[in-house]
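J.:
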Amino acid sequence: ALKVLTVLVQAEASLAPKLCERGAIPLVSSLLKHSSNHVLGNAALCIGELAKDERSLAVLAALPQVIEPLLAIAHHKKGQLQRNAAIALARLAKNPHCLQRIRDNHGMQI
Numbered sequence: 041a042l043k044v045l046t047v048l049v050q051a052e053a054s055l056a057p058k059l060c061e062r063g064a065i066p067l068v069s070s071l072l073k074h075s076s077n078h079v080l081g082n083a084a085l086c087i088g089e090l091a092k093d094e095r096s097l098a099v100l101a102a103l104p105q106v107i108e109p110l111l112a113i114a115h116h117k118k119g120q121l122q123r124n125a126a127i128a129l130a131r132l133a134k135n136p137h138c139l140q141r142i143r144d145n146h147g148m149q150i
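Counting in the working numbering, the sequence shown runs from 41 upward without gaps.
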């Protein structure tokens, strides 16, 4: 289901505000602690896509469980999974609160 959601958000930018309105963003972000690399990669990719939307970015910035798991993925994983996390972090960094949390956690070294 997450993969389908990610593909849909990539294909149709207007879905991000709808997901935000329906409260789906915390659920997606909670998947950043999953044990499966496939789930982690799709969650990171989905968050990166959601972060393109200003309102969704504000919701993501308010969640405590987003930056640190993405940084862990970016620092410790390889390949596409690492790239998905790095892209998500770059998009989150557009928000000053997220940027500061990334800096505080030494994420600018990625």
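All residues carry an ideal CB built from backbone N, CA and C; glycine is no exception.
Keep in mind that this is a model prediction, so the values were computed, not measured.
#1: What residue does the alpha helix (DSSP H) around L67 start on, and which one ends it?
#2: Could you give the uninterrupted runs of the beta strand (DSSP E) lying entirely in the stretch 43-128, keeping only those of 3 residues or more?
#3: Is it buried or exposed, S54, if we count other Cβ atoms within 10 angstroms and call 16 or more buried?
#4: So, does the CB of P66 fall closer than 8 angstroms to a CB anywhere in chain B?
#5: Report yes if the C-beta distance between A125 and K92 is below 8 angstroms; otherwise report no.
#6: Roughly how many whole angstroms lie between the Cα atoms of L85 and T46?
#7: Quick check: what's the CA-CA separation for A64 versus S96?
#8: So, for Q50: in the same chain, excluding its five sequence neighbours on each side, which residues have a beta-carbon less than 6 angstroms away from its beta-carbon?
#9: At the level of alpha carbons, what is the spacing between L42 and L139?
#10: Rounded to the nearest angstrom, what separates K58 and L48 at their Cα positions?
#11: Going by the beta-carbon positions, is the gap between L132 and V99 smaller than 8 angstroms?
#12: Is DSSP giving A130 helix, strand or coil here?
T.: Result, derived from the coordinates:
#1: 65-70
#2: none
#3: exposed
#4: Among the chains of the structure shown, chain B does not appear; only one protein chain is present.
#5: no
#6: 7 angstroms
#7: 10 angstroms
#8: E89
#9: 26 angstroms
#10: 12 angstroms
#11: no
#12: helix
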